[in-house]
Amino acid sequence: MQPTFYNTMARAKEAFAPADGATVRMYTCGPTVHDFAHIGNFRAYVFEDLLRRFLKSCGWEVVQVMNLTDVDDKTIRKSRAAGLPLRTYTKTFSDAFFADLDALRIERAEYYPAATDHVPDMIALIQRLIDKGFAYRSDDGSVYFGIDRYDAYGRLARVDKSGLRPGARVAQDEYEKESLADFALWKAWDETDGDVVWDAPWGRGRPGWHIECSAMSMRYLGESFDIHTGGQDNIFPHHEDEIAQSEAATGKPFARFWLHCAHLVVDGRKMSKSLGNFFTLRDLREKGWSGREIRYGLLSTHYRQGLNFTFDSLGAARSALQRLDEFRGRLASAAGAAAPGPLPSWAQASPALFHDALADDLNISAALGVLFDLVHVGNRAVDSGDAKPADAAAVVALLDSWDRVLGVLAPGEEAADDAAVELARLRDEARKARNWAEADRLRGELAARGWVVQDTAQGAKLKRK
RNA sequence: GGCGCGGUAGCCAAGUGGUAAGGCGGAGGUCUGCAAAACCUCUAUUCAUCGGUUCGAUUCCGAUCCGCGCCUCCA
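Numbering (the working numbering), first residue to last: 19 to 483.
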């Protein structure tokens, strides 16, 4: 089935294929590296990772770009407060960001351009906009995009530009703009910028926020590309402004599909430090949750659905993953060294069901339903002895192919240490001697070391608690 | 005020104009020395409320109530 994605531009699901039929060119709005990313941010990145992996499973190549915003008001302010050069300050957080991506099993994008490495591209793009009459210079040397000079403004967010009213956060010093919703392409230098400054033909300063995404997407993906994603809060103004400045400059359609993921709340409330419900990935890992568990928690709710993140839901993720691990382990032992045969009858429908679920705008709940249905019938087959080694091997291969999309199955087994193996051996001996008290004592000792014993037909197995 | 999303079992969460997937949790049972895991059975006569359309609506339409997001740099 051909994938269908909900395109914010159309406010409807639309059939998707890459424009050139082979390679999906995708731009994903990335982090502002002035602090550790929080789990709300990672919800978006996990969604984009699922999208990326699913597109690959459809047989397409993917070229993904994720920007690193390493210059903006907050970043400058914080780096100056820390007494560090901008680069030094942001490196801490971009390094942490990549470590967090790894923990969440998020595949690397092809490009992670940093804004500060692409200022010349931005200057060139702004110059094009000035030359074409879409942008104007204000008295202080800033450059603004004039939305009244661009007819199509407001198409994505469906805002009427005449209806835009001033928000609470409009700075006092922006009176020079032609229209309130005009946005800065270039901000003239002032003393709070310190040494964060570039020379441009119209004066010294630094780029506005929106322009980096236009300039960097064009550099790596071309002036038109397939998919642009971000959090729903980016629809307006960020993505609206990207479209305006990009299409005004090139005269070409910018992104064909716009996918936006909904926000995450914690315990039903917006995350905030004052409520004590604000978590970075690091915070959760320190509480003993694995990256895989957190990934499952973030992944298992449809991306356009608001996600209520709770510790109960993490516990549910842990249990669900244990069930999946157990199933894969049972199948692997049933398979032994057998080569995969054709899928057994009880699994034959599964691959198409799984693909079709995700092809329907990444319906992850339906896809997980297919997965758990397979676990159910598969466990039954193993119990009844119907699963022949070649069958089991085929289903293991199927699970592994699904996991290239989901990225949650492979548990990263921890081999039991020698001491635990010895305790398990002693317990086996005690059991053979029907010395149940000693066997249970040894099981307790293993439990204290964090190991759970399972007696199976193949002998005792040790699993991490 | 404008744009938009959502209200489905104890919790999370799909879904369809024809009678409610799946996960977690809970109860009972099988297996086991006991466990663990797995399996079996049960756990929403009902999908926020009220109207309407229809042979029939949780699913379509309207209204109401409630919760939430964005409206200048927050994924």
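We treat Cβ as the ideally placed atom computed from N, Cα and C, and that holds for glycine.
Straight-line gap, residue i to residue j (C-alpha atoms, nearest Å)
i, j, result
"H394", "F329", "26 Å"
"H257", "L174", "8 Å"
"T26", "Q476", "54 Å"
"T268", "S419", "41 Å"
"A199", "V89", "22 Å"
"V83", "R346", "34 Å"
"R287", "S318", "19 Å"
"A490", "A411", "Beyond the ends of the chain as shown, which are 19 and 483, falls residue 490; an answer cannot be given."
"T93", "L102", "11 Å"
"A333", "H136", "One point to set straight first is that residue 333 is Gly, not Ala, in the sequence displayed. G333 and H136: Cα-Cα distance of roughly 43 Å."
"V215", "T106", "16 Å"
"S160", "V177", "25 Å"
"A355", "A478", "20 Å"
"S242", "F272", "5 Å"
"Y129", "V413", "35 Å"
"E125", "D285", "29 Å"
"A142", "I148", "10 Å"
"N453", "R459", "10 Å"
"D473", "Q323", "42 Å"
"K195", "V81", "37 Å"
"A189", "D38", "Because the pLDDT of A189 is 43, which lies under 50, any placement of that residue in the model is unreliable, and the question is left without a value."
"I261", "G468", "54 Å"
Environment of residue i [buried if 16+ CB atoms lie within 10 Å]
i, result
"V388", "buried"
"D158", "exposed"
"M236", "buried"
"R443", "exposed"
"P21", "buried"
"G185", "Because G185 sits at a pLDDT of 40, beneath the cut-off of 50, its placement in the model cannot be relied upon, and the following sentence gives the value as read from the coordinates. With fewer than 16 Cβ atoms within 10 Å of its Cβ, G185 is classed as exposed."
"M140", "buried"
"R187", "Unreliable positioning characterises R187 in this predicted model, as indicated by a pLDDT of 39, which lies under 50. The coordinate reading is nonetheless provided below. When all chains shown are included, R187 counts as exposed."
"S156", "buried"
"R29", "exposed"
"S368", "buried"
"D166", "exposed"
"G294", "exposed"
"D191", "Confidence is the limiting factor: at D191 the pLDDT is only 46, short of 50, which leaves the residue's position unreliable, though a coordinate-based value still follows. Classification for D191: exposed."
"D120", "exposed"
Beta-carbon proximity check, residue i vs residue j, cutoff 8 Å
i, j, result
"P407", "A455", "no"
"Q487", "H228", "With the chain running from 19 to 483 in the structure shown, residue 487 is simply not present."
"L299", "I312", "yes"
"G309", "L69", "no"
"G221", "K205", "no"
"L380", "L416", "no"
"Y45", "P131", "no"
"R482", "R461", "no"
"L392", "A365", "yes"
"A438", "L371", "no"
"E66", "A40", "no"
"L282", "G58", "yes"
"A434", "A448", "no"
"E463", "L441", "yes"
"D259", "F297", "no"
"L302", "F23", "no"
"H373", "M19", "yes"
"A114", "F54", "yes"
"G403", "L349", "no"
"M289", "H56", "yes"
"D251", "F275", "no"
Supposed close pair residue i, residue j - CB separation, criterion 8 Å
i, j, result
"C231", "N85", "6 Å"
"V51", "S112", "5 Å"
"V42", "P49", "About 22 Å; that fails the 8 Å criterion."
"E265", "A170", "7 Å"
"A385", "A399", "Not really, about 21 Å apart at Cβ, beyond 8 Å."
"L203", "F254", "About 17 Å; that fails the 8 Å criterion."
"C47", "G248", "4 Å"
"L316", "R61", "5 Å"
"A133", "P225", "7 Å"
Paired residues, beta bridge with residue i - DSSP
i, result
"G324", "None; G324 has no bridge partner."
"D245", "Before going further, note that residue 245 is Ile rather than Asp in the sequence given. Answer by DSSP bridge pairing, in chain order: M44 and F275."
"H56", "T298"
"W469", "R482"
"K31", "Y24"
"F201", "F163"
"P225", "W204"
"G477", "T474"
"R287", "V284"
"E79", "T41"
Closer than 7 Å: residue i CB and nearest the ligand NAD heavy atom
i, result
"P36", "Among the components modelled here there is no ligand, and therefore nothing to report on the ligand NAD."
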